[in-house]
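Data block below; observations after.
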Amino acid sequence: MTTIQVRNPRSGEIDYQIPCFSENEIKLRATSVRDAQKKWASLSIENRCDILREWHTAISDNRDIIANALCIDTGRQAFSGFEVDVALKLIDHWIHRAPALFKKDSGISNQVPSVNYQHTLIPYPIVAAISPWNVPLILGLIDAIPALAAGCAVMLKPSEVTPRFAAPLEKTINLVDELSDVFSLIMGDGLTGRAMIDAADAVCFTGSVATGRLVAVHAAERFIPAFLELGGKDPAIVTRQADIHKAADAIIRSAVGMTGQACQSLERIYVDIDIIDEFTDTLLERLAHVKLNWPNIECGHIGPIIHAPQAKIIQTQLSEAISDGATVIYGDGVVEHEGGLWCTPTVLTNISHKMRVMKEETFGPVIPIVAYHTIEEAIALANDTEFGLSAAVFCEDQKEALWIAEKLVVGAISINDASLTSVVNDVEKNSFCYSGLGGSRMGDAGFTRFLRKRASLIQTAKPMSIDIFKESGDH
Ligand code: NAD
């Protein structure tokens, strides 16, 4: 078996390794979970939820061990504990919500009233969940938990960049017999992910647009659904009617929090020309309180850049923008400390949409600020992108804010806050343009998308005869 070396984001050292599952091993795992899924799907939804409740207890009992592994994976401490707590809340949510959604329905056809129907819900036998490195635990489990509740077996592959949490998570799964039969962690890289799609009946993929495209093509070749959650380049519009302090705080939290390594990070800020000076001064004043969590992981807000190649992307975008005329009014871009790579919050002005920092995902705590003269101009700038994940509008006049929101080509708009989709998981939303594909992972659809409907159609009258096809000239 080949192994993959894993880098520690705080020290830059290779200090961990994982096995890379072979195609054959994935086939064997798939055969095993496919067999076990038949029994799993035959349990009542209440039974499956009871089993997920046992798993909740197992995770709670091992919270700190999982959080510590995540902490090494990501170089951030407080958020690692938070990730485990969110995972527990997701299990809670689906235990309570899934039974109400898993209802057989029946009725009478409107078109042919002599026909009654009954629907049966059929889960996809195997869901492959393939996840990225930025929020390693939540982004795997956000799809796995509702899929399991729906009656699917799940093969979950964490990113090879942040795989340390998988071993303690797997221990919690193994503490619950029925669950371990249908929930398998698969370790490996892109080729492993590809082989999983060959073995699955549906795929949930969270990651980059480039890989998402490969996954979509591969899933299409196999005629299986692909639910894709991809990158973003989220804009914020700060209008003349904004509460500037509220806007500055929310924008900093969204753009800089998680080191900007979140799909829904704000990466483009458009501000009304009349308030841009006051807004920028407020933002810089607030940013002065934001610190790296180095050298002490227990202090500060900003963890290291988890994946070293991302540091190069961030610095290249910054350097290119500067050589094309952008001005850095705050921050130092990417900095190295004892082998780890960090990025200070970096604010840019004199920006153009020709620059890559305004076109491509940065995935770092970079805040480009652009002035606009009319709201129509701001909307056009916000929509000038191939992404369509989410956006923010700051405007205390709610009617005006909603008017602006309706003009933005994105799947979710936070009004007078930012990145609300990272905390509000129970409201449905889709990802537009190159930011994603398929049914909503949020809200009830996050569960129902794993169920196909089989209709049994019962004729209660005499069946129609061949004569309905009879040509008019026949007697
Ligand atoms: P990535 O696309 O490089 O990798 C994601 C996963 O796909 C990894 O597990 C990887 O091993 C696997 N993979 C690679 N090639 C594959 C292939 N051919 N077939 C199947 N699987 C394959 O993404 P990343 O760098 O890990 O994550 C960062 C990206 O994820 C950013 O673009 C970010 O915006 C996006 N993201 C999106 C959301 C969302 O909800 N929309 C959330 C978090 C992250």
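Each position in the sequence shown, counted from 1, maps to that position plus 274 in the numbering used here.
Just so it is clear, CB atoms sit at the ideal spot from N, CA and C, and this is done for glycine as well.
Owing to the predicted nature of the structure, the values given are computational and were not obtained by experimental measurement.
Roughly how many whole angstroms lie between the Cα atoms of residue i and residue j?
i	j	result
Asp508	Lys586	21 Å
Gly349	Trp568	10 Å
Gly414	Met632	29 Å
Ile511	Leu449	48 Å
Leu655	Ile543	10 Å
Ala341	Lys673	43 Å
Glu434	Ala719	29 Å
Ser458	Asn321	20 Å
Pro437	Leu395	34 Å
Ala310	Glu357	29 Å
Trp314	Gly574	45 Å
Cys478	Ala402	6 Å
Arg560	Ile653	26 Å
Ile325	Leu364	15 Å
Ser597	Asn624	11 Å
Ala484	Ile689	30 Å
Lys377	Thr722	10 Å
Glu503	Gly713	10 Å
Ser454	Asp359	21 Å
Ile400	Lys628	43 Å
Can you tell me which of the options puts its alpha carbon nearest to the alpha carbon of residue i?
i	options	result
Ile580	Thr277, Arg281 and Asp455	Arg281
Phe353	Val428, Asp417 and Ile576	Ile576
Ala536	Ala522, Ile518 and Gly506	Gly506
Gln385	Thr277, Gly747, Leu731 and Glu610	Leu731
Leu540	Thr722, Ala521, Pro283 and Ser458	Ala521
Ala524	Ala500, Thr556, Thr623 and Ala494	Thr556
Ile603	Ile641, Glu610 and Gln591	Ile641
Ile649	Pro406, Ile547 and Thr636	Ile547
Met429	Asp417, Ile460 and Glu444	Ile460
Val489	Ala692, Gln733, Leu711 and Ala735	Leu711
Pro397	Ser593, Lys312, Glu572 and Leu615	Lys312
Ala665	Val409, Ala332, Ser696 and Ser739	Ser696
Gly481	Arg496, Val683 and Phe501	Phe501
Pro619	Ser296, Gln589 and Val644	Gln589
Ala441	Glu680, Lys727, Leu344 and Ile300	Leu344
His498	Arg514, Ala476, Ala516 and Thr513	The question names His, but residue 498 is Ile in the sequence shown. Among Arg514, Ala476, Ala516 and Thr513, the Cα nearest to that of Ile498 belongs to Ala476.
Quick one: using the 10 Å Cβ neighbour count with 16 as the cut-off for buried, is residue i buried or exposed?
i	result
His330	buried
Pro639	buried
Asn570	exposed
Cys617	buried
Asn298	exposed
Ala374	exposed
Phe553	buried
Gly599	exposed
Arg284	buried
Gln351	buried
Lys744	exposed
Does residue i come out as helix, strand or coil in the three-state DSSP assignment?
i	result
His393	strand
Ala600	coil
His367	helix
Leu622	strand
His611	strand
Ile678	helix
Ile288	strand
Ile732	strand
Phe457	strand
Leu566	strand
Glu541	strand
Lys313	helix
Ala510	strand
Leu465	helix
Which partner residues does residue i have in the DSSP bridge list?
i	result
Lys727	Leu395
Ala686	Ser664
Asp244	Look at the range of the chain in this structure, 275 to 749, and you will see that residue 244 is not part of it.
Phe295	Note: Phe295 sits in no beta bridge, so no partner.
Phe479	Ile404 and Leu502
Pro642	Leu622
Phe706	Gly662
Leu430	Ala403 and Leu459
Val546	Here residue 546 is Asp; the residue named in the question, Val, does not match the sequence. Note: Asp546 sits in a beta bridge opposite Tyr646.
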